[in-house]
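The numbering of the first sequence is our numbering, which starts it at 10 and goes up by one.
We put the CB at the ideal spot given by N, CA and C, even for glycine.
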Amino acid sequence: MDTILNKMNDEQKKAILATEGPIIVLAGAGSGKTRVLVHKVLYLIQEKEVSPHNIVMLTFTNKAAGEMKERIMNALGENAMRYSPPTVGTFHSLCAKILRVDGDAIGISNKYLIYDSSDQQQTVKDAMNLLSIPIKDAKPRSILSAISQNKNQLIDPVSYASFARGRFQEIVSRVYPLYQQLMKDRDALDFDDLLLETIRLFRTHPEILKKYQEQFQYILIDEYQDTNHAQYELSRMLSEKHKNICIVGDFSQSIYSFRGADFRNLKKFQEDFPKAQVFPLSQNYRSTQNILNAAYSVISHNTSHPVLNLWTENPEGEDLRILQAENEHHEVDQIIRLIHEAMDKNPDLTYADIAILYRMNAQSRTIEEVLLHHGIPYVLVGGLRFYERKEIKDVLSYLSYLATQKDSVALKRIEKLGKKRLSYFFEYLTEFDERGYYETKSTIDILDDVLRKTQYIEMYDERDPEDAPRLENIRELRSVALEFPNLTDFLQNVSLVEQEYRSDKSMQKSSRPNAITLMTLHAAKGLEFSMVFMIGMEEGLFPHSQALFDTTELEEERRLCYVGITRAKTKLTLTFAKRRLFFGQRLTPTVSRFIMELPTRVVEKNLKNMPTSDPDFF
DNA sequence: GGTCACACAGTTTTT
DNA sequence: CTGTGTGACC
């Protein structure tokens with residue numbers, strides 16, 4: 010342990026050695042946050058002799074959880090066998106497990122299904138139908154997002170109705186209770202419910218809360234700035250007894266408020282625990298000083314939250330580059346030119362060291378076109394997720410309906426797959442019930458039965474280039490099914506941990522293919538690349554048009570910009586176009602304010618090189 | 001029950 | 001420009 014601690018800087022050591030009571034770690038970008046968290050757990054286990062059973066670490070994504078767990082187990086090395094692993098997961102996965110075990114106390118069947126957003130939307134539509142509210146009066150998506158916001162704020166349908174004002178809110182107040190009723194009828198919980206129902210369970214059954222409080226003597230929470238109110242409440246409840254709670258976060262990297270995250274939870278924590286110890290991690294190991302200066306210069310324009318001033322022992326590095334393009338194609342052309350220039354100068358630089366970041370997925374199309382045209386390899390991160398694919402949803406619908414026979418969203422889907430298939434499916438359903446397959450057959454056998462009986466596979470042709478990947482996905486689903494012999498186990502896990510299957514696979518293969526990474530700024534959080542391009546730095550695109558007149562949203566965009574800048578290790582280029590095709594329209598945007606917020610020297614130096622044909626541009 | 005044409009809207013996204 | 005969703009028609 011000593012040797013591990015020796016590799017840490019003073020800030021990190023202090024943060025690791027403090028184990029008792031409430032602790033706040035303000036971890037700047039690239040400050041070794043994951044290392045600190047991992048070693049804190051190791052320190053608790055090895056030095057403080059805390060049983061891993063009594064430790065819980067909560068992360069923002071399953072991917073992060075998997076990474077943490079792996080690093081902890083690896084570090085324990087041969088001793089790992091002596092310990093049962095600590096609980097590491099997301100708030101949602103922890104709550105899902107708690108409800109599976111103890112949910113029946115508040116009337117939640119232990120076979121409950123987890124609805125994803127398309128299932129949720131269908132349920133909202135069903136509710137609107139039953140209430141005879143036409144879809145043109147209110148978009149189901151908007152209603153769903155209002156419901157979700159309420160749930161995040163722990164506002165139930167009854168209290169919402171008491172203050173709902175105006176046409177839209179009035180509609181929501183009618184749909185919300187029915188939506189909840191339909192969910193209950195269908196034995197389904199949405200992602201928000203997982204948190205909400207756990208809170209309800211804890212509030213109504215103190216003895217169950219006590220059980221978990223006693224188990225989780227040490228609580229560590231990552232990405233605290235991205236917690237919503239329900240998660241804040243859960244962490245408060247769980248830590249109430251032992252008060253050994255360590256939260257890690259960075260105000261400047263809060264970029265998920267649009268789905269309920271509230272960085273003020275970080276402040277609230279300080280108010281709840283005025284005696285909390287605070288450990289800032291301000292030494293950065295990733296970027297050049299120039300990049301950090303740029304990041305600081307931009308984020309300093311935010312006034313609603315504190316900002317860490319990062320420093321590094323890394324060299325000052327080269328200046329940032331700002332590139333003006335004629336249009337969106339020219340933008341990518343110039344990027345390619347810069348990439349090849351840099352690669353000529355530095356033979357060690359490969360495509361895998363390079364990322365192109367953008368604000369919206371719609372922007373990826375042009376980049377792909379140009380890269381394809383030049384024959385440059387790339388990987389696109391994001392897009393349709395495994396679980397959202399048609400063939401996967403179809404097959405899972407069959408299984409969901411078999412499991413509870415209450416999932417009418419699934420049934421609707423099954424009906425759409427054809428009458429013949431439907432009757433074959435019902436034949437199997439009868440057999441399934443009569444012979445008690447739920448108890449006797451494993452997931453994979455049931456899955457194969459269904460595929461065979463319904464002739465689902467016959468919908469696709471292996472030789473058709475569009476169908477082949479679908480068949481491949483179904484095979485992939487089969488391999489997941491092998492891991493979870495219990496059907497309910499499988500269904501609950503497949504929706505919760507789906508992310509891991511995709512990204513792990515694509516990331517593991519050769520740890521990273523020799524290709525440029527294309528992704529949104531959001532998706533880039535937590536990653537790093539030697540050479541980073543932030544494209545489309547234009548008012549209305551980034552910051553996004555909907556954020557231009559709202560200070561709160563503008564500050565969030567600025568944090569997103571901060572996240573983007575701090576992904577770069579040595580080379581950072583920001584680009585914008587004078588003209589851009591946007592939803593079929595030619596726009597003449599103005600340069601993003603974030604460019605103007607870079608250090609004066611960077612702006613002046615770059616602007617000097619710009620053509621002056623267009624003096625009004627800035 | 002399936003296909004085609006037209007209207008329409010259009011961030012970010014994990015759980 | 002594109003993907004989605006609806007309504008008409010076979």
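Hey, residue i and residue j are a contact pair by Cβ (cut 8 Å); roughly how many whole angstroms apart?
| i | j | result |
| --- | --- | --- |
| Ile300 | Gly326 | 7 Å |
| Asn274 | Tyr233 | 6 Å |
| Pro386 | Ala524 | 4 Å |
| Leu527 | Ile345 | No, Leu527 and Ile345 are not in contact; Cβ-Cβ is about 13 Å, not under 8 Å. |
| Leu408 | Ile483 | Wrong, their Cβ atoms sit about 12 Å apart, outside the cutoff. |
| Phe493 | Met546 | The Cβ separation is near 45 Å, so there is no contact. |
In chain order, what residues of the same chain lie with their CB nearer than 7 Å to the CB of residue i, ignoring the 5 residues before and after it?
| i | result |
| --- | --- |
| Ala114 | Leu210, His214 and Ile217 |
| Tyr92 | Ile54, Pro61 and Leu85 |
| Gln158 | Gly269 |
| Gly391 | Asn370, Met528, Thr529 and Ala532 |
| Tyr510 | With a pLDDT of 40 at Tyr510, under the threshold of 50, the modelled position of this residue cannot be trusted; read the value that follows with caution. Taken in chain order, the residues that qualify are Phe395 and Val489. |
| Asp470 | Asp476 |
| Ile117 | Leu108 and Glu206 |
| Phe499 | Thr452, Ala490 and Phe493 |
| Gly37 | Asp259, Leu290, Ser291, Asn293, Leu317 and Leu319 |
| Tyr169 | Asn159, Ser182 and Tyr185 |
Let's see if you can read the secondary structure: which residues bound the alpha helix (DSSP H) around residue i?
| i | result |
| --- | --- |
| Thr449 | Tyr446 to Thr449 |
| Val34 | No alpha helix (DSSP H) contains Val34, which is instead part of the beta strand (DSSP E) from Ile32 to Ala36. |
| Met633 | Summary: the structure shown does not reach residue 633, with the chain confined to residues 10 through 627, and so no result is reported for it. |
| Arg150 | Pro149 to Asn161 |
| Phe434 | Lys428 to Glu443 |
| Glu481 | Ala477 to Glu492 |
Can you list, in chain order, the residues of its chain with a C-beta nearer than 6 Å to that of residue i? Leave out the 5 residues immediately preceding and following it.
| i | result |
| --- | --- |
| His349 | none |
| Ser102 | Leu505 |
| Arg212 | none |
| Ser248 | Ile228 and Ile254 |
| Asp281 | none |
| Ser515 | Any reading at Ser515 is ruled out, since the residue's pLDDT is 42, under 50, leaving its predicted position unreliable. |
| Asp199 | Tyr124 and Gln129 |
| Glu565 | Ser266 |
| Phe626 | Annotation note: pLDDT 49 at Phe626 (below 50); position unreliable, coordinate value reported separately. Cβ within range, chain order: n/a, list empty. |
| Thr375 | Glu337 |
| Asp80 | What sits at residue 80 in the sequence shown is Arg, not Asp. Closer than 6 Å at Cβ, skipping near neighbours: Val47. |
| Pro624 | Residue confidence is low: Pro624 scores 43 on pLDDT, short of 50, so the model does not pin down where it sits. Its coordinate-derived value is still stated next. Here the set comprises nothing. |
| Cys570 | Val307 and Phe603 |
Figure out for me which residue from the options has the closest Cα to the Cα of residue i.
| i | options | result |
| --- | --- | --- |
| Ile123 | Met192, Asp442, Tyr185 and Ala173 | Met192 |
| Glu29 | Ala351, Gly98 and Val50 | Val50 |
| Thr529 | Phe493, Phe69, Leu205 and Phe551 | Phe551 |
| Asp457 | Ser432, Lys429 and Ser488 | Ser488 |
| Ile5 | Glu547, Leu460 and Ile453 | As shown, the chain starts at 10 and ends at 627. That puts residue 5 outside it, with no answer to give. |
| Gln129 | Val45, Gly549 and Ala197 | Ala197 |
| Leu616 | Val287, Gln555, Gln333 and Thr582 | Gln333 |
| Asp201 | Ala155, Ala173 and Ala361 | Ala155 |
| Arg195 | Gly75, Asn336 and Leu420 | Leu420 |
| Asn355 | Met540, Thr236 and Ile142 | Met540 |
| Tyr52 | Pro95, Gly75, Ser40 and Asn138 | Pro95 |
| Glu340 | Thr609, Ala74 and Leu590 | Leu590 |
| Ala136 | Lys534, Pro149 and Ser127 | Pro149 |
At what residues does the beta strand (DSSP E) containing residue i begin and finish?
| i | result |
| --- | --- |
| Phe585 | Ala577 to Ala586 |
| Thr68 | Ile64 to Thr68 |
| Ala197 | Ala197 to Asp199 |
| Thr526 | Ile525 to Thr529 |
| Leu290 | Gln286 to Leu290 |
Which residue or residues does DSSP assign as beta-bridge partners of residue i?
| i | result |
| --- | --- |
| Ala334 | Ala586 |
| Glu56 | Answer is none; Glu56 lacks a bridge partner. |
| Phe364 | The displayed chain sequence assigns Ala, not Phe, to residue 364. Beta-bridge pairing links Ala364 to Thr526 and Val541. |
| Leu122 | Ala197 |
| Leu393 | For Leu393, which the question treats as bridged, DSSP gives no partner whatsoever. |
| Cys255 | Ile32 and Leu229 |
| Leu210 | Leu210 pairs with nothing; no bridge assigned. |
| Tyr98 | The sequence shown places Gly at residue 98, rather than the Tyr named in the question. Leu67, per the DSSP bridge assignment. |
| Gln594 | Phe591 |
Going by beta carbon distance, what residues of the same chain come within less than 8 Å of residue i, once the five residues before and after it are set aside?
| i | result |
| --- | --- |
| Tyr433 | Lys462, Thr463 and Gln464 |
| Gln501 | Ala105, Arg109, Tyr121, Leu122 and Ile123 |
| Phe288 | Glu20, Lys23, Ala24, Ala27, Ile32, Ile33, Val34 and Leu35 |
| Glu440 | Tyr446 |
| Gln555 | Glu562 |
| Thr132 | Tyr124, Tyr188, Leu191, Met192, Arg195, Ala197 and Val418 |
| Ser151 | Phe177 |
| Leu389 | Ser373, Glu377, Leu527 and Met528 |
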